[in-house]
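Shown next, in structure tokens, is the structure this report addresses.
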Amino acid sequence: MVGALNRAMEESSEPQLDAKSKLIDFEWKLGMAVSADSCRSLKYPYVAVMLKVADHSGQVKNKSFEMTIPQFQA
């Protein structure tokens, strides 16, 4: 799962975490999108990940991203 998290964060447009960042909290949830304005029927599960990390100066930042089930399993 760590590999999947790294890949998902690499694909994010937000700045990456460096080796000095400290994980404060980690939350995840499994979701199922059933429809959206632009799609009639989605019906695909996804994993939403929320990270709370402290950078080298101690400033806490929140990062969140979603992954498909195959991305999560990789």
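Sequence positions in the sequence shown follow the UniProt record's numbering and run 1 to 74. Using N, Cα and C, we set each Cβ at its ideal position, and we do this for glycine too.
Short Cβ contact (8 Å threshold) for residue i with residue j
{"i": "W28", "j": "A48", "result": "yes"}
Residue i - partner residues in DSSP beta bridges
{"i": "P45", "result": "M32"}
{"i": "S64", "result": "M50"}
{"i": "F26", "result": "L51"}
Length of the line joining the Cα atoms of residue i and residue j
{"i": "K22", "j": "K63", "result": "13 Å"}
{"i": "S70", "j": "M32", "result": "It should be noted that the sequence gives Pro, not Ser, for residue 70. The alpha-carbon atoms of P70 and M32 are separated by roughly 14 Å."}
{"i": "G58", "j": "L51", "result": "15 Å"}
{"i": "L42", "j": "A74", "result": "22 Å"}
{"i": "F65", "j": "V34", "result": "19 Å"}
{"i": "F26", "j": "V60", "result": "13 Å"}
{"i": "Y46", "j": "F72", "result": "9 Å"}
{"i": "D56", "j": "T68", "result": "Asp is not the amino acid found at residue 56; the sequence shown has His there. Rounded to whole angstroms, H56 to T68 spans 31 Å at the Cα level."}
{"i": "Y44", "j": "S38", "result": "15 Å"}
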